[in-house]
């Protein structure tokens, strides 16, 4: 926030972002309450909980509700539906590898003319 005040005020999009968050604040709070419920339930039963999967489910629910207008219920699924998180992470890792090593795209396509001398 200090950087914004040095620039002479708030960013022009700040009100838009605040309005978008306020619009889904109830959804976020409801999802957070459900997440806390599952954390407490796991604590009582001495189960291991993957926090990153829980918070990824919370984020996924909020995004789906805001963008697609439905709740996928990842928080209530076993393991917080961690397979969705793992799939997204895999896509980002693949994109990163292909960006850093573009010759892999050539190999995958079967066109070796660009890399064979």
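In the working numbering, the protein residues as written are 1094 to 1210. All C-beta atoms, glycine included, are put in the ideal place defined by N, C-alpha and C. Only a predicted model underlies this, so the values are computations on that prediction, with no experimental measurement involved.
On the three-state DSSP scale, how would you describe residue 1117?
Residue 1117: coil per DSSP, three-state reduction.
Tell me whether the region 1148-1162 and the region 1184-1200 touch, counting them as touching only if at least three CB pairs, one residue from each stretch, are closer than 8 angstroms.
Here the region 1148-1162 does not lie against the region 1184-1200, with fewer than 3 beta-carbon pairs under 8 angstroms apart.
Just checking my contact of residue 1173 with residue 1147 at CB under 8 angstroms: how many whole Å lie between their CB atoms?
Residue 1173 to residue 1147, Cβ: 5 angstroms. Contact.
Out of 1110, 1124 and 1135, point me to the one whose CA is closest to residue 1154's CA.
Nearest of 1110, 1124 and 1135 to residue 1154, Cα basis: 1124.
Closest to residue 1179 by CA distance: which of 1196, 1145, 1104 and 1191 is it?
Residue 1179 has its Cα closest to that of 1145, out of 1196, 1145, 1104 and 1191.
What residue ranges within the region 1166-1201 form continuous alpha helix (DSSP H) runs of no fewer than 4 residues, ordered along the chain?
Whole alpha helix (DSSP H) segments, 4+ residues: 1175-1193.
Using 10 angstroms around the beta-carbon of residue 1182, count the other beta-carbons present and answer buried if the total reaches 16, otherwise exposed.
Classified as exposed, residue 1182 has fewer than 16 neighbouring CB atoms from the shown chains inside 10 Å of its CB.
Within the continuous alpha helix (DSSP H) that includes residue 1163, where are the two ends?
Looking at the DSSP string, residue 1163 is not in any alpha helix (DSSP H), and its letter there is neither H nor E.
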